[in-house]
Amino acid sequence: MNERKSMPLNYAEFWERWKEHGDIEAKKTLIEKHLPIVDYVSGRLAVGLPKNVSKDDLASNGVMGLIDAVEKFDYKRGLQFETYASWRVRGAILDGLRQGDWVPRSVREKAKKIEEGYQQLEQQYLRTVSDEEMSKHLDVSIKEFQHMLQEVAVMTLCSLEDPIREEESETRLSVLVDDKAKNPDYKVREFHLKESLTKGIEKLTEKERTVVSLLYYEDLSLSEIAEVMSLSPSRISQLHSKAILRLRGSLDKQRDLLMQDD
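Here it is as structure tokens:
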């Protein structure tokens with residue numbers, strides 16, 4: 080018995096012990112072994128959040144997401160638990176933030192105005208609009224507009240990684256790289272969403288595309304991106320906010336069109 084306890088076990092054996100035999104110790108081990116996922120995800124989400132948001136609270140919500148992932152994961156499907164757990168952890172943290180009403184209504188309203196402004200002007204001019212044009216549209220100065228972008232940064236940080244639909248792990252970003260077959264209706268919607276997001280990214284400025292690429296594809300933090308691009312973290316935050324608000328406008332427009340077709 081002691082020899083068995085001291086023998087190294089791979090994750091497959093832990094999953095079998097937990098899922099097939101209800102071994103609570105195996106479950107605890109799986110949770111403990113994957114705690115770095117919580118640290119990684121909560122650390123990324125903490126960037127740019129208001130100071131009143133406790134990192135400990137983010138981590139606590141993340142741990143609840145990890146526990147949920149361990150309980151619901153089907154290890155027999157051959158999927159990567161790390162990816163699945165990351166989605167669950169991220170979702171639990173975001174749910175906790177939403178329930179805590181961490182974004183003031185005034186900030187939400189500013190984000191909506193900017194998003195609608197980009198949507199209206201780019202549809203009118205059929206091109207990427209400048210900060211000067213947006214400032215004029217919003218009837219604010221360039222400095223005030225940039226301050227608005229800084230304020231809404233906390234809302235836009237995770238927008239591409241939010242689930243497309245409730246109770247699903249697929250995100251807006253994932254449709255760019257996930258070609259798994261679904262039912263025909265799903266595939267049609269996925270195609271239009273992918274096309275809309277791709278076109279939206281193409282309309283971004285070069286710097287905005289670089290920020291999106293480094294953040295969501297290369298997994299760099301905003302501070303690391305600032306070093307790579309030789310810009311200040313606040314400027315990177317502004318570029319990210321503009322990019323996400325533009326993309327959200329494109330996706331919302333596509334969603335409305337799809338709903339009209341139903």
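Each number in our numbering corresponds to the 1-based position in the sequence shown with 79 added. The beta carbon of each residue, even a glycine, is placed where N, CA and C say it ideally should be. Computed from a prediction, not measured in an experiment: that's the story for all the values here.
Contact defined as beta carbons within less than 8 Å: I believe residue i pairs with residue j. What is the distance between those atoms, to the nearest angstrom?
i: Y163; j: W94; result: Actually they are not in contact, since the Cβ atoms of Y163 and W94 sit about 12 Å apart, beyond 8 Å.
i: L318; j: I193; result: Not really, about 13 Å apart at Cβ, beyond 8 Å.
i: A232; j: S302; result: In fact, because the Cβ distance is near 13 Å, the residues do not count as touching under 8 Å.
i: K189; j: E230; result: 6 Å
Hey, how far is the Cα of residue i from the Cα of residue j?
i: A148; j: R206; result: 43 Å
i: L124; j: S313; result: 16 Å
i: R184; j: H100; result: 48 Å
i: F224; j: D210; result: 8 Å
i: Y119; j: Y204; result: 41 Å
i: S309; j: K112; result: 37 Å
i: E23; j: K191; result: A query on residue 23 cannot be resolved here, the shown segment of the chain reaching from 80 to 341 and no further.
i: R187; j: G157; result: 40 Å
i: Q199; j: S329; result: 11 Å
i: I103; j: I110; result: 11 Å
i: I280; j: Y197; result: 14 Å
i: Q159; j: E92; result: 15 Å
i: Q342; j: L114; result: There is no way to answer for residue 342, as the model of the chain reaches only from 80 to 341.
i: K222; j: Y90; result: 53 Å
i: L276; j: V142; result: 31 Å
i: H226; j: E306; result: 21 Å
i: E285; j: E212; result: 18 Å
i: E297; j: G122; result: 16 Å
Ignore the nearest five residues each way along the sequence and tell me which others in residue i's own chain have a CB closer than 7 Å to its CB.
i: S220; result: S214
i: S165; result: I116 and V120
i: A322; result: L283, E287, V290 and V291
i: K98; result: Y154
i: K106; result: W97 and V149
i: H216; result: G196 and L200
Output needed for residue i: all residues of its chain with C-beta closer than 8 Å, excluding positions within five of it in sequence on either side, in chain order.
i: R167; result: G144, L145, D147, A148, K151 and S248
i: L228; result: I193, S316, Q317, S320 and K321
i: E201; result: T207, V208, K282, R325 and G328
i: S311; result: A305
Looking only at its chain, what residues have a beta carbon closer than 6 Å to the beta carbon of residue i, apart from the 5 residues adjacent to it on each side?
i: S133; result: none
i: L293; result: L299 and I304
i: T108; result: F93
Give a single yes or no on whether residue i has its beta carbon closer than 7 Å to a heavy atom of the ligand ADP.
i: G157; result: Absent from the structure shown: the ligand ADP. Ligands present: none.
Quiz prompt | Given 8 Å, three or more beta-carbon pairs between the stretch 170-178 and the stretch 129-143 | solution = yes
Practice problem: List in chain order: all unbroken beta strand (DSSP E) runs of 3+ residues lying wholly within the stretch 152-231. | Solution: none
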